[in-house]
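Novice: Okay, here's the structure, questions in a sec.
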Amino acid sequence: MRSVGNFKRRSIMRATTIFPLANLHNLRTELDGMFRPFPLRSGFSARWSPRVDTHETEDAFLVAVDLPGVASEDVSVNLEKGVLTVSGERKSAFGLNGDAEQRSHGKFEHAFPVPDAVDTESIDATYKDGVMTLTLRKSKESQPRQIPITVG
């Protein structure tokens with residue numbers, strides 16, 4: 518009897534550990550099916566914001582903005598009152614009436630405060646392989662330097 522009871526207990530435990538999310542999966546499948554006949558409109562698209570990496574070197578601040586699927590003519594970079602702004606738009610691949618658009622699209626804007634150490638006349642923006650790279654060079658006055666000591 519004892520071995521039969523242990524066997525039943527193990528098989529019940531095994532069933533719950535193998536299929537713990539089966540009901541949630543079935544619910545999602547049902548919900549997906551309810552919305553399948555309706556094409557998505559641009560108003561339903563998820564707002565997106567590009568990923569950004571920043572890095573500081575001895576002589577510059579670097580900013581990399583991921584812009585996959587964004588044409589260079591749909592991006593602008595502006596500097597105003599000490600704020601560098603990257604803005605633009607990623608357009609829908611198939612127009613406004615995609616049947617099942619899962620990729621986010623729409624307008625975006627990222628604003629970066631420019632440190633006082635930056636020479637604003639030497640800011641560069643390059644766009645290659647879907648990545649906008651901004652180089653904000655530090656002014657000569659702000660870079661570290663050795664001060665000579667005179668003996669008097």
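For the sequence shown, counting from 1, position 1 maps to 518 in the working numbering; every step adds exactly one.
We treat Cβ as the ideally placed atom computed from N, Cα and C, and that holds for glycine.
Note that the structure is predicted; figures quoted are calculated from it, not measured.
1) In the DSSP output, what is Ser-604 paired with across the bridge?
2) By the DSSP assignment, the beta strand (DSSP E) with Lys-684 in it spans what residues?
3) When DSSP labels each residue in this structure, what does Lys-598 get in the three-state scheme?
4) Report the three-state DSSP secondary structure of Val-631 (helix, strand or coil).
5) For Phe-561, collect the residues of the same chain with a Cβ closer than 7 Å to its Cβ; drop the 5 residues on either side in sequence, then sort them by chain order.
6) Quick one: Cα of Glu-590 to Cα of Leu-579, how far?
7) Which same chain residues, not among the five before or five after Val-654, have their C-beta less than 6 Å away from its C-beta?
8) Pop quiz: Thr-602 and Glu-626 are said to be a contact at Cβ under 8 Å. What is the actual Cβ separation, rounded to whole angstroms?
9) Taking the beta carbon of Arg-607 as the centre, do at least 16 other beta carbons fall within 10 Å, making it buried, or is it exposed?
10) Could you say which of Phe-611, Val-592, Glu-597 lies nearest to Ser-604 if we only look at CA atoms?
Specialist: The short version:
1) For this step, residue 604 is matched to residue 87 along the sequence shown. DSSP links Ser-604 through a beta bridge to Ser-593, Glu-626.
2) Outside the displayed range of the chain (518 to 669) lies residue 684, so it cannot be described from this structure.
3) Sequence index remark: in the sequence shown, residue 598 carries index 81 (1-based). When DSSP states are grouped into helix, strand and coil, Lys-598 belongs to the coil group.
4) Looking up residue 631 in the sequence shown gives position 114. Reduced to three states, the DSSP call for Val-631 is coil.
5) Position 44 of the sequence shown, counting from 1, holds the residue named residue 561. Note that Phe-561 has pLDDT 42, beneath the 50 cutoff, so the model's placement of it is unreliable and the number below is only indicative. Counting only Cβ-Cβ distances below 7 Å, and skipping sequence neighbours, we find nothing.
6) Position 73 of the sequence shown, counting from 1, holds the residue named residue 590. Position 62 of the sequence shown, counting from 1, holds the residue named residue 579. CA-to-CA, the gap between Glu-590 and Leu-579 works out to about 22 Å.
7) What you label residue 654 is simply residue 137 of the sequence shown in a count that begins at 1. Inspection of the sequence shows that residue 654 is occupied by Arg rather than by Val. Apart from sequence neighbours up to five positions away, the residues of its chain that approach Arg-654 with a beta-carbon distance below 6 Å are Ala-577, Asp-636, Ser-639, ordered along the chain.
8) Along the sequence shown, one-based indexing puts residue 602 at 85. Along the sequence shown, one-based indexing puts residue 626 at 109. Indeed they touch by this definition, with Cβ atoms about 6 Å apart.
9) Counting from 1 along the sequence shown, the entry for residue 607 is found at position 90. Of the other Cβ atoms in all chains shown, 16 or more fall within 10 Å of the Cβ of Arg-607; this residue is therefore buried.
10) In the sequence shown, the residue the question calls residue 604 occupies position 87. The candidate whose alpha carbon is nearest that of Ser-604 is Val-592.
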